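A short write-up of the structure that comes next.
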Amino acid sequence: MLPSHHIRVAALTALCSVIERLRSSDELDDGQGKMRDDLLGKLRDHIRDEPAFIRQHCLELWTSLVIQKKVPVKQYIRVFELGLDRLRDKACRVRKHAVTLVMHMVLNNPYFVI
């Protein structure tokens, strides 16, 4: 039997996969937008899970979504704050992935235009 953290990682990866396959925010209808927001909320909730392995994996998934520009602008600040909060995590590997997330969010910032 698989440990529960393996099941959680698989479920979170599946959620992220669904989010990645949705069209861009401009092309979503109301139902798809609500579904995307619900899935992002579930992914956001697990960033504070007890096992460090789950928190680390959530940060990796968020980084992937940021790089692919799949994080809606209206949720960008909230996700950025979650990344900043994880910089104070007790687990080193979580802090490492939090730094990566924050770095990619700064580099892919939708508010910053060169």
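The working numbering numbers the first residue of the sequence shown as -1 and each following residue consecutively. All C-beta atoms, glycine included, are put in the ideal place defined by N, C-alpha and C. Being a predicted model, the structure only gives us computed values, none of them experimental.
Check	Outcome
Just how far apart, CA to CA, sit V92 and G29?	33 angstroms
Helix, strand or coil for Q54, going by three-state DSSP, please let me know.	helix
Are the CB atoms of L13 and L41 within a distance shorter than 9 angstroms?	yes
Let me know the secondary structure DSSP gives F78 once reduced to three states.	helix
Assuming contact is defined by CB atoms lying nearer than 9 angstroms, are I52 and R86 in contact in what I supplied?	no
How far does the alpha helix (DSSP H) with H3 in it extend, from its first residue to its last?	2 to 19
Can you tell me where the alpha helix (DSSP H) with Q30 in it begins and where it stops?	28 to 43
Would W60 pass as a contact of L99 if the rule is Cβ separation under 9 angstroms?	yes
With the cut-off set at 9 angstroms, would you say L63 and V71 are in Cβ contact?	no
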